[in-house]
Amino acid sequence: MADIIEIVLWFFSLLAVYGAVLNVLKKESCFWVWTICNIFWLIYDIVTAQTARAILDFMNLITSTWGIIACLKKEKPND
Numbered sequence: 063m064a065d066i067i068e069i070v071l072w073f074f075s076l077l078a079v080y081g082a083v084l085n086v087l088k089k090e091s092c093f094w095v096w097t098i099c100n101i102f103w104l105i106y107d108i109v110t111a112q113t114a115r116a117i118l119d120f121m122n123l124i125t126s127t128w129g130i131i132a133c134l135k136k137e138k139p140n141d
């Protein structure tokens, strides 16, 4: 079981890095990737009683959600 947990932790770590790459490339999808990662890490930190990390991940979840909302509100050009 520990091996599966380790694989999942690595997956979400690499997914977060992928989100950072998308951000550098100015892809709005970075906020969706980060939101998924932030939800996972928030749950993980709550389950493992890592309060300070949970607070950080909660704040990151707020900012990634804010990014999604800001992108959705942006005026899209007509096709």
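Here the sequence shown is numbered in my numbering, starting from 63 and rising by one per residue. Yeah, the Cβ is synthetic: ideal placement off N, Cα and C, and Gly gets one too. Since the model is a prediction, treat every value here as computed from it, not as a measurement.
Looking only at its chain, what residues have a beta carbon closer than 7 Å to the beta carbon of residue i, apart from the 5 residues adjacent to it on each side?
i, result
"I105", "none"
"I130", "F93, W94 and T97"
"N85", "C92"
For the putative contact between residue i and residue j, defined by C-beta atoms under 8 Å, what is the C-beta separation to the nearest angstrom?
i, j, result
"W44", "S126", "Since the first residue shown for the chain is 63 and the last is 141, residue 44 is missing from the structure and cannot be characterised."
From the DSSP output, in three-state form, read off residue i for me.
i, result
"E68", "helix"
"A111", "coil"
"K89", "coil"
"K135", "helix"
"M121", "helix"
On the criterion of 16 or more Cβ atoms from any shown chain inside 10 Å, does residue i qualify as buried, or is it exposed?
i, result
"D65", "exposed"
"F93", "buried"
So, for residue i: in the same chain, excluding its five sequence neighbours on each side, which residues have a beta-carbon less than 6 Å away from its beta-carbon?
i, result
"A78", "C99"
Beta-carbon within less than 8 Å of residue i's beta-carbon, same chain only, minus the 5 sequence neighbours each way: which residues are those?
i, result
"C133", "E90 and F93"
"L71", "Y106"
"Y80", "V95"
For a quick check, are the C-beta atoms of residue i and residue j less than 8 Å apart?
i, j, result
"L118", "I101", "no"
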